[in-house]
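This report refers to the structure that appears directly beneath it.
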């Protein structure tokens, strides 16, 4: 009897403990879910911006080489996602999928769209940023950065339609310039103009397709859309012919001001330069060159180009005229490069006649687009620092 009573008491205690454990678990889970829901509720206005930034992060971790099949496939995937999400968004607004699925499309499509815009824009920033000096190309690069802030400021549907289509045009225009150059092996004004016209045509077809869903609304916003897209088209062409847009798909991998450069019959280069300690921030930011007696100043560069590209680049040596405070050309020399070198096509120029003061060596295309430059001060009164020699 006592045994049965003990067994019954044990069973009751186990049940109570189990119910208490389940209650605590459910209560904690409920509180945890409530906190998550609260955070989601607070962050709901920033989902699109977070998705936009997600595209940036993806590209930083993923994109590496302008002529890589995988990298170009990634950028094309962003274009496909952007196109699909724009169509789904406005089809959902028109309730073409029924009330339930249209609501889901209106919620999901903007985040997918912003992720694709973020990926496309950051990809262009990465590749165009590698292709030009920031001081020469900053207006074009800033144009992409402003898209993120505009995305956060524009809230209502009327503004978003014009903004989405204009952003879509900027993205595919910029990618077509890169993609056509990589595929054809050509670069220059004709490629840029052709890319712009193809982008306009693609946007036109997209708008005609959207007319099936929101014909009256598109008609109402027609002038704003045309003005926005054509304004961007004119701005981009103006920046290009003003040599502000970087010379995509070329990119400057290295530029070194050195004491001497020797090219061996094997194709290797021996570069001798002043060694700057890693902790000397001043000399890293403002390079000072100390020439040896009777020596020269050399500029060694490595320029990456896709496999099919064959073009000429220029080394332009300039010094700062103290009387006019303007840059004055001292020497200019060109040489041909090809995309056969995986690590970049190597080349150098040297000057024998120079004087103390502020100098720079710029790497430019035949049109004058700046791939990069090195600004430095020549000081013949001091002795060279410890010299280091490397083989490239």
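Residue numbers (our numbering): 616 to 1007. Don't be surprised by glycine CBs; every beta carbon is placed ideally from N, CA and C.
>> Quick test of your reading: residue 866 and residue 999, contact by CB under 8 Å. State the CB separation rounded to the nearest angstrom.
In response: About 30 Å separates the CB atoms of residue 866 and residue 999; that is not less than 8 Å, and the two are not in contact.
> Just curious, the beta strand (DSSP E) that residue 953 is in, first and last residue?
Replying inline: Where residue 953 is concerned, the enclosing beta strand (DSSP E) starts and stops at 941–953.
> At what residue ranges does the segment 846–901 contain a whole run of the beta strand (DSSP E), taking only runs of 3 or more?
Replying inline: Complete beta strand (DSSP E) runs here, min 3: 866–873, 875–878 and 884–889.
> Quick one: Cα of residue 652 to Cα of residue 672, how far?
Replying inline: Note that residue 652 scores a pLDDT of 48, beneath 50, so its modelled location is shaky; the value from the coordinates is reported in the next line. Roughly 25 Å between the two C-alpha positions.
> Among residues of its own chain, excluding the 5 on either side of residue 937, which ones have a beta-carbon nearer than 8 Å to its beta-carbon?
Replying inline: Cβ neighbours of residue 937 beyond the five flanking positions: 972.
> By Cβ distance below 7 Å, which residues in the same chain neighbour residue 700 in space, the five residues on each side in sequence not counted?
Replying inline: Take residue 700, set aside five residues on each side of it, and the residues of its chain with a beta-carbon closer than 7 Å to its own are 724, 727, 728 and 731, in chain order.
> Where does residue 686 sit, in a helix, a strand or coil, going by DSSP?
Replying inline: Under the three-state reduction of DSSP, residue 686 is assigned to helix.
> Run through DSSP, which three-state label would residue 714 get?
Replying inline: The answer is helix: DSSP assigns residue 714 an H, G or I state.
> Between residue 585 and the rest of its own chain, which residues show a CB-CB distance below 6 Å, the 5 nearest in sequence each way excluded?
Replying inline: Past the edges of the chain, shown from 616 to 1007, lies residue 585, and the structure says nothing about it.
> Can you tell me whether DSSP reads residue 936 as helix, strand or coil?
Replying inline: Of the three classes helix, strand and coil, the one that applies to residue 936 here is strand, per DSSP.
> From the DSSP output, which residues share a beta bridge with residue 680?
Replying inline: Residue pairing for residue 680: DSSP places it in no beta bridge.
>> Buried or exposed for residue 996, going by 16 or more other Cβ atoms inside 10 Å?
In response: Per the 10 Å Cβ criterion, exposed.
> Considering only residues of the same chain and omitting the five flanking positions on each side of residue 718, which have a CB-CB separation below 8 Å?
Replying inline: For residue 718, same chain residues with a beta-carbon under 8 Å away, outside a window of 5 residues either side, are 707 in chain order.
> Can you name the start and end residues of the beta strand (DSSP E) that residue 965 belongs to?
Replying inline: Per DSSP, residue 965 belongs to the beta strand (DSSP E) from 960–966.
>> Does residue 979 come out as helix, strand or coil in the three-state DSSP assignment?
In response: If DSSP states are grouped into helix, strand and coil, residue 979 belongs with the strands.
>> Taking 8 Å as the limit between beta carbons, can you name the residues of its chain near residue 694, skipping five residues before and five after?
In response: Once the five neighbours on either side are set aside, the close Cβ partners of residue 694 are 731, 735, 786, 787 and 790.
> Looking only at its own chain, which residues have a Cβ that is under 8 Å from the Cβ of residue 955, when we skip the five neighbours before and after it?
Replying inline: Excluding positions up to five away in sequence, the list reads 922.
>> Looking at the secondary structure, which residues open and close the beta strand (DSSP E) in which residue 986 lies?
In response: Bounds of the beta strand (DSSP E) holding residue 986 are 985–993.
> Taking all protein chains shown into account, do 16 or more other C-beta atoms lie within 10 angstroms of the C-beta of residue 932, making it buried, or fewer, making it exposed?
Replying inline: Under this definition residue 932 is a buried residue.
> Can you name, in chain order, every residue of its own chain whose Cβ lies under 8 Å from the Cβ of residue 844, other than the five neighbours on each side?
Replying inline: Within the same chain, residue 844 has close Cβ partners 780, 781, 784, 815 and 818.
> Ordered along the chain, which non-local residues of its own chain (more than five positions away) have a Cβ less than 6 Å from that of residue 917?
Replying inline: Short of 6 Å from the beta carbon of residue 917, and not among the five residues preceding or following it, lie these beta carbons of its own chain, in chain order: 868, 869, 959 and 961.
>> Let's test the definition: count the other Cβ atoms within 10 Å of the Cβ of residue 705 and tell me whether it reaches 16, buried, or not, exposed.
In response: Residue 705 counts as buried, since no fewer than 16 other beta carbons sit within 10 angstroms of its beta carbon.
> beta strand (DSSP E) containing residue 829: first to last residue?
Replying inline: Where residue 829 is concerned, there is no enclosing beta strand (DSSP E), given that its DSSP letter is neither H nor E.
>> Which of the three DSSP states is assigned to residue 969 in this structure?
In response: Coil at residue 969, not helix or strand.
> Where do the N-terminal and C-terminal ends of the beta strand (DSSP E) with residue 912 fall, by residue?
Replying inline: Run containing residue 912: 912–919, per the beta strand (DSSP E) assignment.
> Which of the three DSSP states, helix, strand or coil, is assigned to residue 905?
Replying inline: Coil at residue 905, not helix or strand.
>> In this structure, how does DSSP classify residue 801 when only helix, strand and coil are distinguished?
In response: Correct three-state label for residue 801: coil.
> Considering only the beta carbon of each residue, do residue 953 and residue 924 sit closer than 9 Å?
Replying inline: In this structure, residue 924 lies closer than 9 Å to residue 953 by Cβ.
> Hey, quick one: how far does the beta strand (DSSP E) through residue 924 stretch, first residue to last?
Replying inline: Per DSSP, residue 924 belongs to no beta strand (DSSP E) and is neither H nor E.
>> If the criterion is Cβ atoms closer than 9 Å, does the pair residue 687 and residue 797 meet it?
In response: The Cβ atoms of residue 687 and residue 797 sit closer than 9 Å to each other.
> Using DSSP with H/G/I as helix, E/B as strand and the rest coil, what is residue 781?
Replying inline: Of the three classes helix, strand and coil, the one that applies to residue 781 here is helix, per DSSP.
> CB residue 895 to CB residue 982, shorter than 9 Å?
Replying inline: It is not a contact, given that the beta carbons lie outside the stated cut-off.
>> Mapping the DSSP letters down to three states, classify residue 1005 as helix, strand or coil.
In response: In this structure, residue 1005 counts as strand in the three-state DSSP scheme.
> Given residue 711, which residues of its chain have a CB within under 8 Å of its CB, disregarding the five upstream and five downstream residues?
Replying inline: Counting only Cβ-Cβ distances below 8 Å, and skipping sequence neighbours, we find 717 and 828.
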